[in-house]
Amino acid sequence: NKDIYILAIESSCDDTGAAVLKDNNVISNVVARQDIHEQYGGVIPELASRAHQQNIVPTIDVALKKANITKEQLSAIAFTQGPGLMGSLLVGGSFAKSLSMALDIPLIAVNHMHAHILAHFINEEGFDKPSFPFLALTISGGHTQIVKVNSFFDLEILGETTDDAVGEAFDKTAKILGFPYPGGPLIDKFAKEGNPKAYAFTKPKVPGLNFSFSGLKTQIMYFIQKNMAENPNFIEENKADICASVQFTIINILMDKLKMAVNETGIKQIAIGGGVSANSGIRQTLKEAESKYGWKTYIPKFEYTTDNAAMIGIVGYHKFLENHFSDSSTVSKARIEF
Ligand code: KG4
Ligand code: ZN
Numbered sequence: 142n143k144d145i146y147i148l149a150i151e152s153s154c155d156d157t158g159a160a161v162l163k164d165n166n167v168i169s170n171v172v173a174r175q176d177i178h179e180q181y182g183g184v185i186p187e188l189a190s191r192a193h194q195q196n197i198v199p200t201i202d203v204a205l206k207k208a209n210i211t212k213e214q215l216s217a218i219a220f221t222q223g224p225g226l227m228g229s230l231l232v233g234g235s236f237a238k239s240l241s242m243a244l245d246i247p248l249i250a251v252n253h254m255h256a257h258i259l260a261h262f263i264n265e266e267g268f269d270k271p272s273f274p275f276l277a278l279t280i281s282g283g284h285t286q287i288v289k290v291n292s293f294f295d296l297e298i299l300g301e302t303t304d305d306a307v308g309e310a311f312d313k314t315a316k317i318l319g320f321p322y323p324g325g326p327l328i329d330k331f332a333k334e335g336n337p338k339a340y341a342f343t344k345p346k347v348p349g350l351n352f353s354f355s356g357l358k359t360q361i362m363y364f365i366q367k368n369m370a371e372n373p374n375f376i377e378e379n380k381a382d383i384c385a386s387v388q389f390t391i392i393n394i395l396m397d398k399l400k401m402a403v404n405e406t407g408i409k410q411i412a413i414g415g416g417v418s419a420n421s422g423i424r425q426t427l428k429e430a431e432s433k434y435g436w437k438t439y440i441p442k443f444e445y446t447t448d449n450a451a452m453i454g455i456v457g458y459h460k461f462l463e464n465h466f467s468d469s470s471t472v473s474k475a476r477i478e479f
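If you're matching positions, the sequence shown starts at 142 in the working numbering and goes up one per residue.
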């Protein structure tokens, strides 16, 4: 059997990613981050697509060089079809199409959320792969979903957010606190020094396995406004406690729904994915859930949590094995189903 080399391209939001996989092994994984958005407190779509256009060729070049692979050795090109920002998706999608045409190799369209889940099937020493069926909690800047994963290509959404994603809850809280974008990692950092029970926030009441985070954001905003009116140094003096309390509330919201999903499905294997799964509090809580609830939890390697092309590549590899190719008229999609 011949080795399969997949070049994967990720350009759904503000990071340009390129990776090379040899079968299910990642041999290079490069991400060009866009610092430009920090000063605006959020991703500016127009600037993101321009930066992708600027970065895509050099990023792919570096990924190929690091992998020590020539373009001629590639078996297929995988790219993120959606969901994401249209202008960003178009850059990666158009580039992938052109390259597959030039090299005369298959093109593989990949769903970004599917990739956050299948990232667990990348071969990595010290990381177990989940067996089917399992539950996936995908938490990112754009999505919050609980998915029942029956096989590589049979996925059912059991619940999702009805408004903001959990990453937005982190980032918007961070913005209220005056942190630069994306503020999720900073909340995580300050939370480590704080008391998670210093301040109590109420959890939203949402039926079933769905989520809502916009009310929490408003609650935090009023809480900060009220306290800042009384003490202008409130944030500065209580940063760690505020971050720890907000993070604790968010983790509780996620855990409540996960417990409910386990009860409803009887499935005790839980895999997390998406940028927010980099959060150390969430990682620790899920690890503890193994002994506490008898769950088996899967936490991805750090570099496969936030947006990256390796995860696009692993979906590409599994689609390649099934001859699941896209034709050259495939279009990018801002919204997309499994
Ligand atoms: O998956 P991702 O890189 O991009 C999307 O597809 O959205 O997720 C980005 C999100 C941002 O909201 C960022 O603040 C959040 O992941 N994030 C974190 C942490 N690291 C990244 N949130 C909380 N704690 C972290 N350590
Ligand atoms: Zn993502």
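For every residue, glycine included, the Cβ atom is placed at its ideal position computed from N, Cα and C.
Computed from a predicted model, the values in this text were never measured in an experiment.
Practice task
Kindly list the residues whose CB is nearer than 7 angstroms to the CB of Lys-270, restricted to its own chain and excluding five residues on each side of it in sequence; keep chain order.
Solution key: Here residue 270 refers to the residue found at position 129 when the sequence shown is read from its first residue. Only His-261 and Phe-262 meet the Cβ criterion.
Handout entry: the stretch 246-261 contacting the stretch 207-223, beta-carbon criterion three pairs below 8 angstroms
Key = yes
Practice task
Collect the residues with a C-beta less than 6 angstroms away from any heavy atom of ligand 2 and give them in sequence order along the chain.
Solution key: His-253, His-257, Ser-281, Gly-415, Gly-416 and Asp-448
Practice task
Confirm the yes/no value for this check: CB of Ala-173, any heavy atom of ligand 1, distance under 7 angstroms.
Solution key: As a working note, residue 173 is residue 32 in the sequence shown. No - ligand 1 has no heavy atom lying nearer than 7 angstroms to the Cβ of Ala-173.
Handout entry: Between the CA atoms of Ser-272 and Ser-132 - distance to the nearest angstrom
Key = With the chain covering 142 to 479 only, the question about residue 132 has no answer from this structure.
Exercise for the section: Would you kindly check if the distance between the Cβ of Ala-160 and the Cβ of Ala-450 is under 8 angstroms? Expected result: Here residue 450 is taken as the residue at index 309 of the sequence shown, counted from 1. Here residue 160 is taken as the residue at index 19 of the sequence shown, counted from 1. Yes, these two residues count as a Cβ contact at 8 angstroms.
Exercise for the section: Determine the extent of the alpha helix (DSSP H) in which Lys-330 is found, giving its start and end residues. Expected result: Counting from one through the sequence shown, the residue named residue 330 turns up at place 189. Unbroken alpha helix (DSSP H) run through Lys-330: 325-332.
Exercise for the section: Give the DSSP-derived three-state secondary structure of Asn-170 in the structure shown. Expected result: Residue mapping note: residue 170 aligns to position 29 of the sequence shown, counting from 1. Strand at Asn-170.
Exercise for the section: With a 10 Å radius around its C-beta and 16 neighbouring C-beta atoms as the bar for buried, classify Asn-209 as buried or exposed. Expected result: As a first step, residue 209 must be located in the sequence shown, where it is residue number 68. Exposed.
Practice task
Starting from the N-terminal side, write out each stretch of the alpha helix (DSSP H) that is 4 residues or longer and does not extend beyond the stretch 257-329.
Solution key: 307-317
Practice task
Measure the CB-CB distance between Ala-475 and Met-242 and report whether it falls below 8 angstroms.
Solution key: What you label residue 475 is simply residue 334 of the sequence shown in a count that begins at 1. What you label residue 242 is simply residue 101 of the sequence shown in a count that begins at 1. Their beta carbons are not under 8 angstroms apart, which means Ala-475 does not touch Met-242 by this criterion.
Handout entry: Cβ-based burial, Pro-199 [other Cβ within 10 Å; buried from 16]
Key = The residue given as residue 199 occupies position 58 in the sequence shown. When all chains shown are included, Pro-199 counts as exposed.
Practice task
Give the DSSP bridge partners of Phe-364, in chain order.
Solution key: On the sequence shown, position 223 is the one that residue 364 refers to. None; Phe-364 has no bridge partner.
Handout entry: Buried or exposed by the 16-neighbour rule on C-beta atoms within 10 Å, applied to Asp-295
Key = If you number the sequence shown from 1, residue 295 lands on position 154. Its Cβ having fewer than 16 others within 10 Å, Asp-295 is exposed.
Practice task
Tell me Gln-410's beta-bridge partners as DSSP assigns them.
Solution key: Taking the first residue of the sequence shown as 1, we reach residue 410 at position 269. DSSP lists Lys-437 as partners of Gln-410.
Practice task
Report yes if the C-beta distance between Glu-334 and Ala-381 is below 8 angstroms; otherwise report no.
Solution key: As a working mapping, residue 334 is identified with position 193 in the sequence shown. As a working mapping, residue 381 is identified with position 240 in the sequence shown. For Glu-334 and Ala-381, yes; Cβs fall inside 8 angstroms.
Handout entry: Per-residue burial, Pro-373 [other beta carbons within 10 Å of its own, 16 or more giving buried]
Key = As a working mapping, residue 373 is identified with position 232 in the sequence shown. It is exposed - the Cβ of Pro-373 has fewer than 16 other Cβ atoms within 10 Å.
Practice task
Could you tell me whether the stretch 312-319 touches the stretch 185-195, where touching means 3 or more Cβ pairs closer than 8 angstroms?
Solution key: no
Problem - Limits of the beta strand (DSSP E) - the one that Ala-237 falls within - result: To locate residue 237, count along the sequence shown from 1; it is residue 96. Segment 227-244 is the alpha helix (DSSP H) holding Ala-237; no beta strand (DSSP E) there.
Practice task
With hydrogens ignored, establish whether the beta-carbon of Gly-324 is closer than 7 angstroms to any heavy atom of ligand 1.
Solution key: For the purposes of this step, residue 324 is identified with residue 183 of the sequence shown, where counting begins at 1. Under cutoff, so the answer is yes.
Problem - 3-residue-minimum beta strand (DSSP E) runs that sit fully inside the stretch 371-421, ordered along the chain - result: 410-414
Handout entry: Neighbourhood of Lys-409 by C-beta, 8 angstroms cutoff - its chain only, sequence neighbours within 5 removed
Key = As a first step, residue 409 is located in the sequence shown; it is residue number 268 there, counting from the start. Cβ neighbours of Lys-409 beyond the five flanking positions: Val-403, Tyr-434, Gly-435, Trp-436 and Lys-437.
Practice task
Please find out if some non-hydrogen atom of ligand 1 comes closer than 7 angstroms to the beta-carbon of Asp-329.
Solution key: Numbered from 1 along the sequence shown, position 188 holds the residue referred to as residue 329. Yes - ligand 1 has a heavy atom lying nearer than 7 angstroms to the Cβ of Asp-329.
Practice task
Would you please state the rounded distance, in angstroms, between the beta carbons of Leu-278 and Leu-357? I believe it to be under 8 angstroms.
Solution key: Against the sequence shown, residue 278 aligns to sequence position 137. Against the sequence shown, residue 357 aligns to sequence position 216. Wrong, their Cβ atoms sit about 17 angstroms apart, outside the cutoff.
Practice task
Note the first and the last residue of the continuous alpha helix (DSSP H) segment covering Thr-200.
Solution key: Here residue 200 refers to the residue found at position 59 of the sequence shown. Counting along the chain, the alpha helix (DSSP H) containing Thr-200 begins and ends at 186-208.
Practice task
On a CA-only basis, which of Gly-416, Asp-176, Ala-192 and Gln-195 is nearest Glu-444? Give me that one, please.
Solution key: In the sequence shown, counting from the first residue as 1, residue 444 sits at position 303. When each option's Cα is compared against that of Glu-444, the closest is Gly-416.
Exercise for the section: Determine the burial state of Gly-407: buried for a count of at least 16 other Cβ atoms within 10 Å of its Cβ, exposed for fewer. Expected result: Here the question's residue 407 lines up with position 266 in the sequence shown. It counts as exposed.
Practice task
Return the CA-CA distance between Phe-466 and Ser-386, expressed in angstroms with no decimal places.
Solution key: Mapped onto the sequence shown, residue 466 falls at position 325. Mapped onto the sequence shown, residue 386 falls at position 245. Approximately 46 angstroms, taken between the alpha carbons.
Problem - Selected residue, minimal CA-CA separation from Ala-310, among Leu-162, Ser-216, Met-362 and Gly-300 - result: Taking the first residue of the sequence shown as position 1, residue 310 is located at position 169. Minimum Cα distance to Ala-310 is reached at Met-362.
Problem - Ala-419 beta carbon near ligand 1 (any heavy atom closer than 7 angstroms) - result: In the sequence shown, the residue the question calls residue 419 occupies position 278. True, at least one ligand heavy atom lies under 7 angstroms from that Cβ.
Practice task
Could you check if Thr-447 is buried or exposed, using at least 16 other CB atoms within 10 Å of its CB as the buried criterion?
Solution key: For the purposes of this step, residue 447 is taken as residue 306 along the sequence shown, with counting starting at 1. Label assigned to Thr-447: buried.
Handout entry: Any non-hydrogen atom of ligand 1 within 7 angstroms of Phe-443 CB
Key = Within the sequence shown, the letter at position 302 stands for residue 443. Phe-443 Cβ: outside cutoff for every heavy atom of ligand 1.
Problem - Assigned exposure category for Glu-377 - 16 Cβ within 10 Å defines buried - result: Walking along the sequence shown from the start, residue 377 turns up at place 236. By the 10 Å Cβ count, Glu-377 comes out exposed.
Practice task
Give the C-beta separation of Ile-177 and Phe-236 to the nearest angstrom, bearing in mind that I take them to be a contact with Cβ-Cβ under 8 angstroms.
Solution key: Position 36 of the sequence shown, counted from the start, is the residue given in the question as residue 177. Position 95 of the sequence shown, counted from the start, is the residue given in the question as residue 236. Not really, about 20 angstroms apart at Cβ, beyond 8 angstroms.
Practice task
Can you say whether Lys-313 is buried or exposed, counting buried as having 16 or more other CB atoms within 10 angstroms of its CB?
Solution key: As a working mapping, residue 313 is identified with position 172 in the sequence shown. Buried.
Exercise for the section: Specify the secondary structure class of Thr-426 as computed by DSSP and reduced to three states. Expected result: If you number the sequence shown from 1, residue 426 lands on position 285. Thr-426 falls in the helix class under three-state DSSP.
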